[in-house]
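Here's the structure we're looking at; comments come further down.
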Amino acid sequence: MGAQRDQAGRSSTVPFSAGTQPPAVALPAGACDCHLHVYDGAFPAVPGARLLPPDASVDDYRLLQRRTGLQRAVVVTPSTYGTDNRPMLAALHALGAAARGVAVIDGSESDAQLAHLHAQGVRGVRLNLSLGVGTHADMLGPIAQRIAPLGWHLQLLMPADLLQAQAAVLAALPVPLVFDHFARLSPADAGRHPAHAMVLQLLRTGRAWIKLSGGYLVSPTRSTEDPALDDLARSFLDAAPERVVWGSDWPHATASAGLQPLPDDARQLDRLAQWTGGGERLAQVLVRNPAALYGFGPFPDLPQQTET
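Using the working numbering, the letters of the sequence shown map in sequence onto residues 685 to 992.
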C-alpha cells in the first residue's frame, strides 16, 4: 500500500485516491471534509442500487486525513444502502467527536429512532433524486417536516431541471437546504440555467448551503482540474461565502464504476484554495462554515492521531 505516515503533509498512498503528495497549501486547523462515504460488504446493497463499490473503511479514510491534514469529517449514507444507515453510524462511532453524519430516511421512522440518530451525531438527511432507489420529489415536504424539530438540514442531489421545477417547494420547506456536488449544475449552466440563479438566491437569503464537492461529476471533462469549474465555484463563493462548504466525495464510487478517473484529493483541495484565494476564505469554507452547519465544538479539542 506504500508509505503511511502519522503526520499530515507527508507523501503517502491512499486507497481510492490518486496521487501521493499532500496539498500544496497547508490546511487550517480543524479543516473538515463535508462529504465522504464508507462501504462495507457486510451490509447488503439495496435492490436496484446502481453503484456497488468495493469496501472503503474508516481506516482507509484516516490515511487520507494524514496525507492532507483534514481533521473533521461528515459521513453520508450513500445510495448503495438505501435507508440502511448502519455503515455510516459505525463510521461515526469510529471517528468520534470529530465526525457528524447525514442519514437517509423514508419518513416512517419513529421520533425515538430519529432522536437516536441525533444522539449518534446525525445532523441531516439526504434525499438523492439522481441515483437514489425509491425516492421521488413528493418526499421533500414530508421528510422536511419530520426532521425540522431536530434542527437538521435536508441535503439534496437532483438534476438541474428537477431542481428548478421544485423551486417553490424548496423555498417553503421548514429546514435549511444543503445542495451537494455543485447542486448538480454543470459549468455551462452558470448564468444560463434558471436553477443556477435559484440556488444563488437561496444562498444569499440564508435558506441554503452548497458543497463544492464532486467537481469531477459535473465537469464535462470528468476532472476537478477543469478550468471551466472556476466561474461556477466562484459564483457560489461570491454570492454567500458563509454558506459554502467542501467535500472530497471519497472513495469516489463513480470512479470505481468506471464513470470517471480516480481523483487526487490533495489536488481537489488545491483547487479549492484557488477558488477561495486561500487565507481567511479558505479557513471559512473548511473550518468555520462546517462548524456552524454541523454543530462542531471549538477547535483544537481533537485528539492527535497516532499509528497503530
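All C-beta atoms in this analysis are idealised placements derived from N, C-alpha and C, irrespective of residue type, glycine included.
Compare the C-alpha of residue i against each of the options and name the closest.
i: Asp-744; options: Ala-787, Ala-803, Val-698 and Asp-873; result: Val-698
i: Arg-951; options: Gly-898, Val-760 and His-865; result: Gly-898
i: His-721; options: Phe-727, Thr-704 and Ala-775; result: Ala-775
i: Arg-734; options: Gln-958, Phe-980 and Ala-939; result: Ala-939
i: Ala-740; options: Thr-764, Leu-754, Asp-822 and Gln-755; result: Thr-764
i: Leu-736; options: Val-969, Pro-935, Trp-959 and Leu-956; result: Pro-935
i: Pro-731; options: Leu-886, Leu-815 and Ala-941; result: Leu-815
i: Arg-927; options: Pro-982, Asp-948, Leu-861 and Pro-904; result: Leu-861
i: Glu-964; options: Ala-976, Pro-925 and Gly-981; result: Pro-925
i: Phe-920; options: Asp-910, Ala-892, Gln-804 and Pro-947; result: Ala-892
i: Gln-797; options: Leu-834, Gly-818 and Gly-766; result: Leu-834
i: Thr-724; options: Gly-875, Gln-705 and Thr-761; result: Checking the sequence, you will find Asp at residue 724 rather than Thr. Closest by alpha carbon: Thr-761.
i: Tyr-978; options: Ala-821, Trp-836, Ala-726 and Leu-747; result: Trp-836
i: His-777; options: Gly-962, Gly-931, Val-742 and Ser-932; result: Val-742
i: Asp-873; options: Pro-904, Arg-830 and Phe-727; result: Pro-904
i: Thr-819; options: Gln-804, Ala-803, Leu-840 and Ala-832; result: Leu-840
i: Asp-822; options: Leu-846, Ala-803 and His-800; result: Leu-846
i: Asn-769; options: Ala-855, His-800, Ala-856 and Gly-890; result: His-800
i: Ala-941; options: Gln-705, Ala-702, Pro-738 and Ala-729; result: Pro-738
i: Phe-980; options: Gly-780, Glu-793 and Gln-885; result: Gly-780
i: Arg-830; options: Ala-851, Met-842 and Leu-857; result: Leu-857
i: Asn-973; options: Asp-910, Gln-885 and Gly-890; result: Gly-890
i: Ala-855; options: Ser-907, Glu-909 and Gln-885; result: Gln-885
Which residues does DSSP list as the beta-bridge partners of residue i?
i: Val-809; result: Ala-787 and Leu-838
i: Cys-718; result: For Cys-718, which the question treats as bridged, DSSP gives no partner whatsoever.
i: Ser-701; result: Val-698
i: Ser-897; result: Gly-931
i: Arg-756; result: Cys-716
i: Ala-832; result: BP columns for Ala-832 are empty, so no partner.
i: Tyr-723; result: Ala-740
i: Ala-917; result: For Ala-917, which the question treats as bridged, DSSP gives no partner whatsoever.
Give the DSSP-derived three-state secondary structure of residue i in the structure shown.
i: Arg-906; result: coil
i: Val-859; result: coil
i: Gln-781; result: Checking the sequence shown, residue 781 turns out to be Ala, not Gln. If DSSP states are grouped into helix, strand and coil, Ala-781 belongs with the helices.
i: Ala-892; result: strand
i: Pro-974; result: helix
i: Ser-763; result: helix
i: Leu-846; result: helix
i: Ala-692; result: Annotation note: pLDDT 49 at Ala-692 (below 50); position unreliable, coordinate value reported separately. Here Ala-692 sits in coil by DSSP.
i: Pro-982; result: coil
i: Gln-797; result: helix
i: Arg-751; result: helix
i: Arg-876; result: coil
i: Ala-687; result: Unreliable placement is indicated for Ala-687, whose pLDDT of 35 sits below 50; the coordinate value is still reported in the next sentence. Coil at Ala-687, not helix or strand.
i: Asp-822; result: helix
i: Gly-963; result: helix
i: Arg-734; result: coil
i: Asp-864; result: coil
i: Leu-814; result: It should be noted that the sequence gives Ser, not Leu, for residue 814. Here Ser-814 sits in coil by DSSP.
i: Ala-710; result: coil
i: His-936; result: coil
i: Ala-941; result: coil
i: Ala-729; result: coil
i: Pro-948; result: Sequence check: residue 948 is Asp here, not Pro. In this structure, Asp-948 counts as coil in the three-state DSSP scheme.
Does the Cβ-Cβ distance between residue i and residue j come in under 7 Å?
i: Ala-917; j: Leu-896; result: yes
i: Gln-749; j: Ala-715; result: no
i: Met-772; j: Gly-785; result: yes
i: Asp-914; j: Pro-707; result: no
i: Pro-712; j: Ala-967; result: yes
i: Leu-824; j: Val-859; result: no
i: Val-929; j: Cys-718; result: yes
i: Leu-813; j: Ala-844; result: no
i: Val-758; j: Ala-957; result: no
i: Pro-871; j: Ala-912; result: yes
i: Ser-696; j: Arg-751; result: yes
i: Ser-932; j: Asp-948; result: no
Measure how close the beta-carbons of residue i and residue j come, nearest whole angstrom, since I'm counting them as under 8 Å.
i: Asp-788; j: Arg-810; result: Per the sequence presented here, residue 788 reads as Val, with Asp not at that position. So it is a contact: roughly 6 Å between Cβ atoms.
i: Phe-863; j: Val-902; result: Their Cβ separation, rounded to whole angstroms, is 11 Å, which puts Phe-863 and Val-902 out of contact at 8 Å.
i: Ala-828; j: Leu-838; result: 5 Å
i: Leu-887; j: Phe-700; result: Contact doesn't hold; Cβ gap of about 30 Å is too wide.
i: Thr-960; j: Val-969; result: 6 Å
i: Ala-832; j: Gly-805; result: Not confirmed; about 19 Å, so no contact.
Please find out if some non-hydrogen atom of the ligand ATP comes closer than 6 Å to the beta-carbon of residue i.
i: Pro-935; result: For the ligand ATP, the structure offers nothing, since it holds no ligand at all.
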